[in-house]
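Under full-length UniProt numbering, residues 1 to 193 are what the sequence shown spells out, in order.
C-beta atoms are modelled at their ideal positions from N, C-alpha and C, and glycine is treated no differently.
Only one structure is covered here, and it is reproduced in the block below.
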Amino acid sequence: VVKETLPALMKLKEKGVVRHIGITGLPLKIFKYVIDKVPAGTVDVVLSYCHYSLNDQSIADILPYLKEHNIGVINASPLSMGLLTPQGPPAWHPAPEEVQKAAREAAQLCESEGVNLAKLAIMDSMRNPEIATHLVGMCTREQVAMNVHTALQALGVETEENGAKNAEVLEKVKEILKPVKNVTWPSGKPENN
Numbered sequence: 001v002v003k004e005t006l007p008a009l010m011k012l013k014e015k016g017v018v019r020h021i022g023i024t025g026l027p028l029k030i031f032k033y034v035i036d037k038v039p040a041g042t043v044d045v046v047l048s049y050c051h052y053s054l055n056d057q058s059i060a061d062i063l064p065y066l067k068e069h070n071i072g073v074i075n076a077s078p079l080s081m082g083l084l085t086p087q088g089p090p091a092w093h094p095a096p097e098e099v100q101k102a103a104r105e106a107a108q109l110c111e112s113e114g115v116n117l118a119k120l121a122i123m124d125s126m127r128n129p130e131i132a133t134h135l136v137g138m139c140t141r142e143q144v145a146m147n148v149h150t151a152l153q154a155l156g157v158e159t160e161e162n163g164a165k166n167a168e169v170l171e172k173v174k175e176i177l178k179p180v181k182n183v184t185w186p187s188g189k190p191e192n193n
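Structure follows, in structure tokens:
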């Protein structure tokens, strides 16, 4: 990536073929590693997934570094690849069992309170002014409609429905997830995790 891919992309950028260059990956260490090894301005954006959600906000630690290097952030999967949804994650989800258990407990609490966990997770992520772009996967038209409505509420364009109750349940959810806060799973080479 550092020796071949990014230099090739920079040549294309210089020719006007591409406008922006981004990198992605689960382990956060790779961002600083790559950015520190290429000329300033090479990387315009990072796409980080599962690291700015209710259960994991570890990208917050490197946001100042990214801002200092004028690098934008796309926060993908504020639902932590399905962990923070009423139905829970797919069977293949790589999160450790203690994280999955805490997420199930949070979903059960939300269900008992009549609050949608996914909505809480999206709203909480979108309220961070340091992250301008959020990428959320959706499977149905209903999810698209709910997520658009949720985003408009998070941005203050629409009035949040049940705001006080949502805030109360959100605090309870954060307490449930606190013991597993920022617990992630390995991806790629062991030295990058």
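Boundaries for His149: no beta strand (DSSP E) harbours it, while the alpha helix (DSSP H) harbouring it runs Arg141 to Ala154, taken from the DSSP string. Ranking Lys29, Val157 and Lys11 by CA distance to the CA of Ile21 puts Lys11 first.
Residue environment for Val144: exposed (fewer than 16 other C-beta atoms within 10 angstroms of its C-beta). The Cβ atoms of Val136 and Asn55 lie no closer than 8 Å to each other. In the DSSP annotation of this structure, Asn193 is not part of any alpha helix (DSSP H), being labelled neither H nor E. Within the UniProt domain "NADP-dependent oxidoreductase" (3-150), the runs of beta strand (DSSP E) that reach at least 3 residues and sit entirely inside it are, in chain order, 22-24, 45-49, 72-76 and 133-135.
If you look at Val173, you'll find it in the alpha helix (DSSP H) that goes Gly163 to Leu177. Comparing alpha-carbon positions, the option among Asn147, Leu152, Ala151 and Cys110 lying closest to Glu175 turns out to be Cys110.
If you check the CB distance, Ile122 and Asn147 come in under 8 Å.
Burial check for Gln87: the Cβ neighbour count within 10 Å stays below 16, so the residue is exposed.
The region 38-54 makes contact with the region 71-81; the number of CB pairs closer than 8 Å reaches 3 or more. Between Ala106 and Val173, the C-beta gap is smaller than 8 Å, which places the two residues in contact. Residue burial annotation: Gln108 is exposed, with fewer than 16 other C-beta atoms found within 10 angstroms of its C-beta.
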